[in-house]
Amino acid sequence: MSMNLVTLLYLIASICFIQALKGLSHPATARRGNSFGIAGMVIAVLTTLALIVKIKGEGSNPSGDIGYLLVAGGVIVGGGIGAYLARSVEMTKMPELVAAMHSLIGLA
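Going by this note's numbering, 102 is the number at position 102 of the sequence shown; the sequence numbering is gapless.
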C-alpha cells in the first residue's frame with residue numbers, strides 16, 4: 001500500500017466525517033449523517049490496520065504487534081465506555097451524553 005493511497009483513504013474518511021456532521025445537523029438527514037460517520041470510521045480504522053501491516057512487513061517495526069494491541073485496546077476501552085454511557089443515560093439527558101462522547105473523541 002503506497003503512502004499516496006493511505007493519504008487518499010484518510011482524505012475520504014475526513015470527507016465522510018464532514019458529511020456526517022452536516023447530516024447530523026437536521027433530524028431528517030440524521031440517518032444519512034450516521035451512515036457517513038460509520039463509513040468514515042471504518043475507512044480510517046482499516047487504513048490504520050493496513051498501515052500497521054505494511055510497516056511490520058518492511059521490518060522497520062519488528063514489534064509491530066504492539067500496534068494491533070493499541071488499536072484493539074482503544075476500540076475495547078472506548079467502545080466499553082461509550083456503550084456504558086449510552087445505556088445508562090436517560091433520553092432527557094441526551095445533551096450530556098453527546099458532550100461526554102465529544103470529550104472522549106477529544107481524548108482520542
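Even for Gly, the Cβ is constructed at its ideal location relative to N, Cα and C.
Just measuring C-alpha positions, the residue of Val-75, Gly-40, Tyr-68 sitting nearest Val-53 is Tyr-68.
A straight-line Cα-Cα distance of about 13 Å links Leu-21 and Ala-13. According to the DSSP assignment, Thr-7 belongs to the alpha helix (DSSP H) that extends over 3-23. Within a 10 Å sphere around the beta-carbon of Ile-43 sit 16 or more other beta-carbons, which makes this residue buried. Using a Cβ distance threshold of 9 Å, Gly-82 and Leu-46 do not count as a contacting pair. Remark: C-beta atoms of Cys-16 and Ala-39 approach each other more closely than 9 Å.
Across the structure, Val-6 and Ala-50 are spaced so that their CA atoms are roughly 9 Å apart. Less than 9 Å divides the Cβ of Ser-25 from the Cβ of Gly-33.
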